[in-house]
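Novice:
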Amino acid sequence: MPGLIRRNDIDEVRARINIADIVGDYVTLKGAGVGSLKGLCPFHDERSPSFHVRPQVGRYHCFGCGEDGDVFSFLQKMDHTTFTEAVERMAARVGFELHYEDGGQANSDHGNRARILAANQSAAEFFVSQLATPDAEPGRKFLGERGFDPSAAQRFGIGFAPKSYDALSKHLKTLGYSEAELLAAGLVGQGDRGTYDRFRGRLVWPIRDVTGATLGFGARKLLDDDQGPKYLNTPETAVYHKSQVLYGLDLAKRDISRGRQVVVVEGYTDVMACHLAGITTAVATCGTAFGVDHIKVVRRVLGDVDNADTTGTGEVIFTFDPDEAGQKAASRAFGEEQRFAAQTFVAVAPDGLDPCDLRLNRGDDAVRRLVQAKKPMFEFMIRRVLAGHNLDTVEGRVAALRASAPVVAGIRDQALNIGYVRNLAGWLGMDTNEVARAVSAARSRATETTRGAPTRGAASMGGSGSTSSGAPTQERGAPREPGAQEAAPAERGPSLVHLPIDPATRLERDALMAILQQPEIIGRELVQRASQVTYANPALAVVRDGVAGSMDAFDTPGWLARIIEEVPAPFATLVKELGLAPLPEREGRELTIYCKAVTTDLIARDLLRRKAELLGQSHRTDAAAEPEKYRELQVELVRIEAERRALRSE
C-alpha cells in the first residue's frame, strides 16, 4: 500500500487543473463578472444561480447553501470519491506522475469507485468486440431492422453480451478484476451455484455520466428463450443510481447547454434516432420514470434559471407515446413541470409512433418535424382533460371546466395564466369571466389545501438576490466540508450577506474583495498599507489581519488559501465569500482603475481619520507648556498630509 500523496504533488495537480473545466462537466457556467463564473448549484435545488467558480484561485462557493472548496472537494462531493481518488483522477487527466510518502507508486486498486468504473469500461469494450461475432447476429439484425448501421452502433458504444454464464466474468478476471469487484459493479449476479454474468444473449447499451465514464448498462432481450424482462439494467451500485442518470447525456450535454434545449424521450433507440436525425439534445431515463433527481441534472446542464439577466428561454420537450403508459408518463411530467424555469412542451408523433419508428417509417425529417411541432405542456394537459368530456352538452362542458380549472390555476406565470383562461373559454365555448371565476376558485382551494406546507416558490428553490457588489443578500444553512466539526448556531461565523450596508463597511468590503481577488493589479505596497489601516467593521478587521499575516504568500496561487488558513476558523467562510463574490467591474483598464481606486480610497479614509485625530490633539495641546509634544504633532500632520497628496497622485 502506498503512503499519502506528497503535498507538493497535490498542489501541483491543483495548479495544473482548470476547475472551470471540471465543474463545467456537471454545471453549465456563464460569466459573472471579472474572472468569475456562475451556474445552478449542484448541491442544492435553486431557481437562480448562486454557485460561483473562480478559475484563477481554483475555488467554488455557493452563496445559497454555503458549499465551498477546490476541485478535489468538488469531485469528492459530486462523485462520492475519496480525496486520494480525486487527486489521482486529476493527475491522470493532466498526465502528472504522483509520488507517495515512503516512495510508493500509484496503486491501480486505489478505490472501490474507481475499480467499478474501470471494470465497467472493460466490460463495455468486451461487449463492443462481441457485436462482430457470429453469435451476435440477432443483435445486428435488431439494429438493422430499426435503421441503425454499424457506424451508429459504434457512435453509441453498443455491444453484445454472449449467451454464456461466465464469458464476461472470465474475461474481466484475466484483466485483474476480482469477483467481489464484479459483484459490486453489478456485472455479475450471485446464485445458489455461484456467480453468473448478469447480461446474457442481449444487446447492450453503455450508460455514461456527463464526463463519459461508464456507470452501468441497459440490455435488450433478443432471444425467445430469454425469460427475463424486455430491458434489464444494472442494479443500484456505488456509481449507478437510475434515478439520477440520463442515457445520452454525455453526447447531448454540449448542445443542450448551447441551444438551451433538451428533448426527453422514452428509450435508448429513441435517443439514437433523434441524434441521427439531428436532434442532438435528446436523452432518456434508464428504466424509471422521469423524476425530481433527473430534473436537477437537466436544469444544471440546461442552465435553467429564471433570472432577468438570462438571454432567451430554455425549452424542455417531452415525447410520449399516445398509449395509456405514455399518458401516465405525461401526467407525472406535468406534476413536476413547475420545477423548471424553462418552458415545457410535449411532442406526440402521429399514429402513435415513437421517434425510432417514426425515423424508420418516415425518415429523419419526420423526427425533426415532431420536435418542431411541439405543444406547450399546459395546452397539452388541458386538451387531454377536455378530451375526456362531452363538450356537446352543458353538463359535459361544466364538468370539463371543473376538471381543467385546477390545471390553469397551477400556472404561476400571471401572463400565461390569463392567456390560458381565455383559451380555455374558447375551447369550451363559455364566457371568459365564468372561466376566470372557476380558475380563481380552484386556486383558492389549492391554497387552503397547502396552507402551512412548504411552498415551491423561488425561496424554497434557492433563489437569491444580490448586493451592489454582486454578493447574494440571502443566506441558507451552510453544509460544512467533510471532516469539519459543525459549529453551534451561536458560534457560526460572519457571512458576507450579513454585513451592514453603511458606506464605511461597503468600502472595507469592496477593498478586501479587490485585495483577495486581484492582488497583482493593486501591488504589494498598496496591499501592505491597506492591511495596516483601521477598520470600522470588526469581522472585516479580522480578514484584514489575515491579509497582513499572509504577505509572504502575496501574488502566489495560494494567496487566498493562505488567508483562509490564517484567520480563525469561524471567519473562513467570510474570506471565501469575499474571494469569490463578483467584482463590480469589467476586465481590462476599468478593472485596474477600480481595484487601485477602491484600495487607495480605503487608505485615504484612514489617513483622513488620523489627520482629524492629530488636529484634535494639537488643539488640546498648549504649545507654550508642551512645545516638544506640539512640535511632534505638527510634524506628523505635515507627513500625513504629504502622504495623502502622494496617494491622490498615484
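Just so we're aligned: 210 in numbering that gives the first Met the number 0 is position 211 of the sequence shown, and the numbers increase by one with no gaps anywhere. From the three backbone atoms N, C-alpha and C, an ideal C-beta is built for every residue, glycine too. Predicted model, so just to flag it, every value in this text is computed and none were measured.
#1: Below 8 Å on the Cβ atoms is my guess for T598 versus I514; work out the distance and round it to an integer in Å.
#2: Closest to D303 by CA distance: which of W204, E45 and Q75 is it?
#3: I'd like the list of long-range same chain contacts for V650, defined as Cβ closer than 7 Å, with 5 residues on each side in sequence excluded.
#4: On the CB-based measure, 16 or more other CB atoms within 10 Å of its CB, does L385 come out buried or exposed?
#5: Once you ignore the five residues that flank A440 on each side, which residues in its own chain have a CB closer than 8 Å to its CB?
#6: Taking only beta-carbon positions, decide if N536 is within less than 8 Å of chain C.
#7: Which residue marks the beginning of the alpha helix (DSSP H) containing C355, and which one marks its end?
#8: Scan the segment 543 to 597 and note each continuous alpha helix (DSSP H) run of 4 residues or more that stays entirely inside, going in chain order.
#9: Mark T280 as exposed unless 16 or more other C-beta atoms lie within 10 angstroms of its C-beta, in which case mark it buried.
#10: Taking the alpha helix (DSSP H) that E314 falls in, what are its first and last residues?
#11: Could you check what DSSP says for L606 in three-state terms: helix, strand or coil?
#12: Could you check which residue in K374, L359 and L369 has the C-alpha nearest to that of V345?
#13: Hey, V532 and L614 are a contact pair by Cβ (cut 8 Å); roughly how many whole angstroms apart?
#14: Check the C-beta distance from K610 over to L636 and give it rounded, since I have them as a contact under 8 Å.
#15: Exposed or buried, what is K140 when buried is set at 16 or more other beta-carbons lying within 10 Å of its beta-carbon?
#16: With a cut-off of 8 Å on the beta carbons, I'd call L390 and A402 a contact; round off their distance for me.
#17: Alpha carbon to alpha carbon, what distance is there between K37 and L579?
#18: So T268 is in the alpha helix (DSSP H); what residue range does that whole segment cover?
#19: For A14, I'd like the list of residues in its chain whose CB is within less than 6 Å of its CB, leaving aside the five on either flank, ordered along the chain.
#20: If we require 4 or more residues per run, which alpha helix (DSSP H) segments fall completely within the segment 76 to 142?
#21: Report buried or exposed for L174, applying the criterion of at least 16 other Cβ atoms within 10 angstroms of its Cβ.
#22: What first and last residue would you give for the alpha helix (DSSP H) that runs through R505?
#23: With respect to the alpha helix (DSSP H) encompassing A398, which residues constitute its N-terminal and C-terminal limits?
#24: Find the nearest neighbour of R207 within the set F198, A535, R192 and V238, judged by alpha-carbon distance.
#25: Taking only three categories from DSSP, how would you classify N536?
#26: Starting from the Cα of V542, find the closest Cα among V203, K575 and V397 and give me that residue.
#27: Using CA atoms only, rank isn't needed, just tell me which of F147, E627, A560 and A622 is closest to G68.
#28: Is V187 closer than 8 Å to G158 when the C-beta atoms are compared?
#29: How big is the Cα-Cα spacing for Y164 and R199?
#30: Could you spell out where the alpha helix (DSSP H) holding V244 opens and where it closes?
#31: Nearest to R92 by CA position, among L369, V12, T287 and D224, is which residue?
#32: Measure the beta-carbon distance from Q260 to E314 and round it to whole angstroms, keeping in mind my assumption that it falls under 8 Å.
#33: Please state whether DSSP places A529 in a helix, a strand or coil.
#34: So which of A328, R630, T620 and P581 has the shortest CA-CA distance to P54?
#35: Alpha carbon to alpha carbon, what distance is there between V406 and K169?
#36: Go to H43, then tell me how far its beta strand (DSSP E) extends in each direction, as first and last residue.
Specialist: In brief:
#1: Right, the Cβ-Cβ distance comes to about 7 Å (below 8 Å), so this counts as a contact.
#2: Minimum Cα distance to D303 is reached at E45.
#3: No answer is possible for residue 650: the residues shown for the chain start at 0 and end at 649.
#4: Residue burial annotation: L385 is buried, with at least 16 other C-beta atoms found within 10 angstroms of its C-beta.
#5: Closer than 8 Å at Cβ, skipping near neighbours: A404.
#6: The structure shown has no chain C; it contains just one protein chain.
#7: Start and end: P354 to R361.
#8: Fully enclosed alpha helix (DSSP H) runs of 4 or longer: 558 to 565 and 571 to 579.
#9: Per the 10 Å Cβ criterion, buried.
#10: Annotation: E314 is outside any alpha helix (DSSP H); the continuous beta strand (DSSP E) that includes it extends over E314 to T318.
#11: L606 falls in the helix class under three-state DSSP.
#12: Restricting attention to K374, L359 and L369, the CA atom closest to the CA of V345 is found in K374.
#13: About 18 Å; that fails the 8 Å criterion.
#14: The Cβ separation is near 7 Å, so the contact holds.
#15: It is exposed - the Cβ of K140 has fewer than 16 other Cβ atoms within 10 Å.
#16: The C-beta separation of L390 from A402 comes to about 12 Å, leaving the pair out of contact by the 8 Å criterion.
#17: Going from the Cα of L579 to the Cα of K37 covers about 10 Å.
#18: Per DSSP, the unbroken alpha helix (DSSP H) holding T268 starts and ends at Y267 to L275.
#19: Taken in chain order, the residues that qualify are P556.
#20: For the segment 76 to 142, the full-length alpha helix (DSSP H) segments reaching 4 residues or more read 82 to 93 and 111 to 129 along the chain.
#21: Under a 10 Å Cβ-count criterion, L174 is classified as exposed, with fewer than 16 other Cβ atoms of the shown protein chains found around its own Cβ.
#22: Run containing R505: P502 to Q516, per the alpha helix (DSSP H) assignment.
#23: For A398, the enclosing alpha helix (DSSP H) covers residues V393 to A408.
#24: The residue from F198, A535, R192 and V238 with its alpha-carbon nearest to that of R207 is V238.
#25: In the structure shown, N536 sits in coil (DSSP, three-state: anything other than H, G, I, E or B).
#26: Checking every option, the nearest Cα to that of V542 belongs to K575.
#27: Nearest C-alpha to G68: A560.
#28: Going by C-beta atoms, G158 is not nearer than 8 Å to V187.
#29: Spanning the two alpha carbons is a distance of roughly 7 Å.
#30: Here V244 belongs to no alpha helix (DSSP H), and DSSP marks it neither H nor E.
#31: Among L369, V12, T287 and D224, the Cα nearest to that of R92 is on V12.
#32: Rounded, the Cβ-Cβ distance is 4 Å, consistent with contact.
#33: Helix, per DSSP.
#34: Of A328, R630, T620 and P581, the residue nearest in Cα terms is P581.
#35: Taking the straight line from one Cα to the other gives about 56 Å.
#36: DSSP places H43 in no beta strand (DSSP E); its state is neither H nor E.
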